[in-house]
Ligand SMILES: [Zn+2]
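Residue numbers (the UniProt record's numbering): 1 to 208.
Listed below in structure tokens is the structure:
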């Protein structure tokens, strides 16, 4: 678990150019849209090359810590994919500490349950932390998104958009989905939070 600060810095610098308006919906493409970036704008189509170049530098500094795949803190964190949330920094996590499962909204979908089931049954995690956040792009969408998508492409997606208006209530629903899953052996330590993207602080949501 030593020597992670330098690699994390490199990763942060390559991905920190999120839009101030910050949504994580389909329109948001942090780092690609020419928004302010410490290293300057990236020409369209070049972002992956930049990441690969950054990885070469990461590899040069990388010192294999010889870790087991089982998370040291036995915790899985489910969070929105929002570019403004640096989970490891925000939660004081080190490399190897936890599983991070991220999607649009940080909602507990069947696929999140799949990952949590593997996390708990095969890789020894026991606690679940759920994180939504202020200013989430999912609050700007409705299930009409699916309908409009169907009209455009001629095929209705099998998945629900899982949009929400009330962030606190969606955290409660997510906690409930985890707690009631028949596949998860550990549901006694499930806590939910809203991360404030302006202050960097978590606010815990009462499950009741
Ligand atoms: Zn979000």
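We treat Cβ as the ideally placed atom computed from N, Cα and C, and that holds for glycine.
The DSSP-derived three-state label of residue 181 is coil. Leaving aside the five residues that flank residue 119 on each side, the residues in its chain whose CB is nearer than 7 Å to its CB run, in chain order, 76, 99 and 125.
For residue 205, the uninterrupted beta strand (DSSP E) segment begins and ends at 202 to 205.
If you look at residue 195, you'll find it in the beta strand (DSSP E) that goes 190 to 195.
Between ligand 1 and the CB of residue 136, the shortest heavy atom gap is smaller than 6 Å.
Across the structure, residue 140 and residue 165 are spaced so that their CA atoms are roughly 8 Å apart.
It is roughly 10 Å from the alpha-carbon of residue 169 to the alpha-carbon of residue 132. With a cutoff of 7 Å on beta-carbon distance, residue 190 and residue 178 are scored as near each other.
Within its own chain, the residues whose Cβ lies closer than 8 Å to the Cβ of residue 167, once the five positions on either side in sequence are excluded, are 132, 133, 134, 136, 139 and 194, listed in chain order. Short note on residue 82: C-beta closer than 6 Å to some heavy atom of ligand 1. Residue environment: residue 43 is assigned as exposed (fewer than 16 neighbouring CB atoms within 10 Å of its CB, all protein chains considered).
In the three-state scheme derived from DSSP, where H, G and I count as helix and E and B as strand, residue 133 is classed as strand. With fewer than 16 other CB atoms across the displayed protein chains lying within 10 angstroms of its CB, residue 200 is exposed.
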